[in-house]
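Peer 1:
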Amino acid sequence: MTWARAILLTMTFSTIATALQASVTKAPFGKTQDGTPVEIYTITSGKAEARIMTYGARVVSLKVPDRDGKVGDVVLGYNSVAEYQADPSTYFGSIVGRYGNRLAKGTFAIDGKEYHVPVNNNGQSLHGGTLGFDKLVWTGKEIPDGVEMTLVSKDGDMGYPGTMTTHAKYTLHGATLRIDYTLSTDKTTVANITNHSYFNLSGDGSGSILDEIITIPASRYTPVTPVLIPTGIEPVAGTPFDFTKPTVIGKRIDEANEQLKIAGGYDHNWVLNGQMGVLHEAAKVEDPKSGRVLTVTTTEPGVQFYTGNFLDGTFKGKTGAVYAKHAGLCLETQHFPDSPNHPSFPSTLLKPGQPRHSTTIFTFTTEAKK
Ligand code: BGC
């Protein structure tokens, strides 16, 4: 091969690589009530588009093709920061923390010292308390194929010890949205971070997710008390919580099952069969209507599958449609709820000098009509 040909080939490959890289743009997205400017990043891969804003590091929209190549937005959300701020309880698209999901009575102990964090949900602490990470403005930075969101939560923030730094890198490749988290602290604390997007594979505002089909590779789950605090770990076999085979979400949701009654549907943590720290499947959702398929893989040990049971028609979303019960579903990859009060659960302690990394990947594909 001549030098000229080699140079030409190298140039061709780098042109292709550039073409495959997602483009990232940043724009103002209004201000919070206290006047803090919010920015929105648009990541376009050629196949899909993700918009992520600095308020709560939230995924505002995620556009992916259906089986006919028609692009549609598959996450719930609003058109303005004011609407997000007017809704304190759905956590649409946000990153929740410092402790995502529940801590019983907002109480935990580290090295024998008891801590109390704000209770905001039936006497329990949910998603970090009254002013969790979802309600704070993060700092965005453009990175190749995406955006890195950073939040520094000061020592004592919401009652948690230690200044904790969270980096969440969102990147888009084709129709795959990846989130890489890095958590670090200067004093031992507890942490559980996840993204709280609500998916509707038929499209945002298109109605209920009950006809979608889900598979969760988990033989066990964590049943809960009436205030949704885990009681331990139980097998799913023989219960409506067995999703080891593809099952229509609505098929068993109204069965006379105490756990379903307590939560008004599914709102539980599944103990994934895969190994913590290594990428494994958390869930697969298939939508017979649009042909869209979402596969979630994660390094986390659990996933909270929540069927939007508490959406009650109070809020109207981006399309103007009202969000009624089951308008979206969440797949919150996570450590288990209330882990600090369950010594047998994987530890959620975050120690100085020992940053915690985790990754969750949302891959969208399509399938033909069956
Ligand atoms: C919880 C639900 C809660 C929802 C908030 C989920 O992570 O498990 O109980 O209602 O977040 O919208």
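Quick note, the sequence shown lines up with residues -19 to -1, 1 to 351 if you use mature numbering (1 follows the signal peptide of the UniProt record, and there is no 0).
From the three backbone atoms N, C-alpha and C, an ideal C-beta is built for every residue, glycine too.
In angstroms with no decimal places, state the Cα-to-Cα distance between Q256 and P198.
Peer 2: In the sequence shown, the residue the question calls residue 256 occupies position 275. In the sequence shown, the residue the question calls residue 198 occupies position 217. Whole-angstrom Cα-Cα distance: 12 Å.
Peer 1: Let me make sure I understand the geometry here. Which of V128, K28, T278 and G110 has the alpha-carbon closest to that of R48?
Peer 2: As a position in the sequence shown, residue 48 is number 67, starting the count at 1. Proximity to R48 across V128, K28, T278 and G110 peaks at K28, based on C-alpha coordinates.
Peer 1: Helix, strand or coil: how does DSSP classify N322 here?
Peer 2: Stepping through the sequence shown from its first residue, residue 322 is reached at position 341. Looking at N322 - three-state DSSP - the assignment turns out to be helix.
Peer 1: Heavy atom of the ligand BGC less than 7 Å from the Cβ of Y72, yes or no?
Peer 2: If you number the sequence shown from 1, residue 72 lands on position 91. Checking the Cβ of Y72 against the ligand BGC gives yes.
Peer 1: Sort P221, T212 and P336 by Cα distance to D319 and report the nearest one.
Peer 2: As a first step, residue 319 is located in the sequence shown; it is residue number 338 there, counting from the start. Ranked by Cα distance from D319, the first of P221, T212 and P336 is T212.
Peer 1: Give me the Cα-Cα distance between D54 and A302, rounded to the nearest whole angstrom.
Peer 2: For the purposes of this step, residue 54 is taken as the residue at position 73 of the sequence shown. For the purposes of this step, residue 302 is taken as the residue at position 321 of the sequence shown. Spanning the two alpha carbons is a distance of roughly 13 Å.
Peer 1: Indicate the three-state DSSP secondary structure (helix, strand or coil) for L112 in the structure shown.
Peer 2: Your numbering for residue 112 matches position 131 in the sequence shown. In this structure, L112 counts as coil in the three-state DSSP scheme.
Peer 1: Just list the residues that DSSP pairs A90 with in beta bridges.
Peer 2: Taking the sequence shown and counting its residues from 1, one reaches residue 90 at position 109. E95, per the DSSP bridge assignment.
Peer 1: Could you say which of Y36, H323, Q2 and D15 lies nearest to P9 if we only look at CA atoms?
Peer 2: Position 28 of the sequence shown, counted from the first residue, corresponds to residue 9. Across the set Y36, H323, Q2 and D15, the C-alpha of Y36 shows the shortest separation from the C-alpha of P9.
Peer 1: What residues in its chain sit with their C-beta under 8 Å from that of K332, if we drop five residues either side in the sequence?
Peer 2: In the sequence shown, residue 332 corresponds to position 351, counting from 1. Cβ within range, chain order: T166 and T169.
Peer 1: Could I get the ranges of all uninterrupted beta strand (DSSP E) runs contained in the region 98 to 163, with 3 residues as the minimum, in chain order?
Peer 2: 120 to 124, 127 to 134 and 145 to 154
Peer 1: How is the alpha helix (DSSP H) around V284 delimited, first residue to last?
Peer 2: As a position in the sequence shown, residue 284 is number 303, starting the count at 1. Bounds of any alpha helix (DSSP H) do not take in V284; it lies within the beta strand (DSSP E) bounded by G283 to Y287.
Peer 1: Please report the straight-line C-alpha distance between K325 and N60, rounded to a whole angstrom.
Peer 2: Walking along the sequence shown from the start, residue 325 turns up at place 344. Walking along the sequence shown from the start, residue 60 turns up at place 79. Note on residue identity: the sequence assigns Ser, not Lys, to residue 325. So the two alpha carbons sit approximately 42 Å from each other.
Peer 1: When you compare the region 95 to 108 with the region 62 to 82, are there three or more beta-carbon pairs, one atom per stretch, that lie closer than 8 Å?
Peer 2: yes
Peer 1: Tell me which residue opens and which closes the alpha helix (DSSP H) that A63 is part of.
Peer 2: For the purposes of this step, residue 63 is taken as residue 82 along the sequence shown, with counting starting at 1. A63 -> alpha helix (DSSP H) spans V62 to Q66.
Peer 1: Consider the C-beta atom of T285 and the heavy atoms of the ligand BGC; say whether any pair is separated by less than 7 Å.
Peer 2: One-based indexing of the sequence shown puts residue 285 at position 304. Per the sequence shown, residue 285 should be read as Gln rather than Thr. Because some heavy atom of the ligand BGC lies under 7 Å away, the Cβ of Q285 counts as near it: yes.
Peer 1: Counting C-beta neighbours from all protein chains within 10 Å, is the total for A(-3) 16 or more, i.e. buried, or is it exposed?
Peer 2: Within the sequence shown, numbered from 1, the residue matching residue -3 stands at position 17. For A(-3), the predicted model reports a pLDDT of 44, less than 50, meaning its position is unreliable; a value from the coordinates is still stated below. With fewer than 16 Cβ atoms within 10 Å of its Cβ, A(-3) is classed as exposed.
Peer 1: Measure the alpha-carbon distance for Y247 versus T295 and round it to whole angstroms.
Peer 2: Taking the first residue of the sequence shown as 1, we reach residue 247 at position 266. Taking the first residue of the sequence shown as 1, we reach residue 295 at position 314. T295 has its alpha-carbon roughly 20 Å from the corresponding atom of Y247.
Peer 1: Leaving out five residues on either side along the sequence, give the residues of the same chain with a beta carbon under 6 Å from the beta carbon of I234.
Peer 2: Translated into positions along the sequence shown, residue 234 becomes position 253. The answer, listed in chain order, is G246.
Peer 1: Quick one: residues in its chain with C-beta nearer than 6 Å to the C-beta of K7, no 5 flanking neighbours on either side, listed in chain order?
Peer 2: As a working note, residue 7 is residue 26 in the sequence shown. Excluding residues within five positions, the ones whose Cβ falls inside 6 Å are E20 and Y22.
Peer 1: Check Q335 in the structure and name its three-state DSSP category.
Peer 2: Counted from its first residue, the sequence shown places residue 335 at position 354. Correct three-state label for Q335: strand.
Peer 1: For the alpha helix (DSSP H) that A244 lies in, which residues bound it at each end?
Peer 2: Residue mapping note: residue 244 aligns to position 263 of the sequence shown, counting from 1. Counting along the chain, the alpha helix (DSSP H) containing A244 begins and ends at E239 to A244.
Peer 1: Counting C-beta neighbours from all protein chains within 10 Å, is the total for K116 16 or more, i.e. buried, or is it exposed?
Peer 2: Along the sequence shown, one-based indexing puts residue 116 at 135. Answer is buried; the Cβ neighbour count reaches 16.
Peer 1: Could you work out which residue in N181, K350, G113 and M34 is closest to I174 when comparing CA atoms only?
Peer 2: On the sequence shown, residue 174 is found 193 positions in, with the first residue counted as 1. It is G113.
Peer 1: Alpha carbon to alpha carbon, how far is I160 from E239?
Peer 2: Against the sequence shown, residue 160 aligns to sequence position 179. Against the sequence shown, residue 239 aligns to sequence position 258. Roughly 35 Å separates the two Cα atoms.
Peer 1: From F(-7) to E30, what distance separates their C-alpha atoms?
Peer 2: To locate residue -7, count along the sequence shown from 1; it is residue 13. To locate residue 30, count along the sequence shown from 1; it is residue 49. Here F(-7) scores only 41 on pLDDT, less than 50, and its place in the model should not be relied on; the value that follows carries that caveat. About 24 Å.
Peer 1: Whole beta strand (DSSP E) runs in the region 205 to 285 with 3 or more residues, listed along the chain?
Peer 2: 248 to 252, 261 to 267 and 273 to 279
Peer 1: According to DSSP, is residue 409 part of a helix, a strand, or is it coil?
Peer 2: Residue 409 is absent from the model: the chain starts at -19 and stops at 351.
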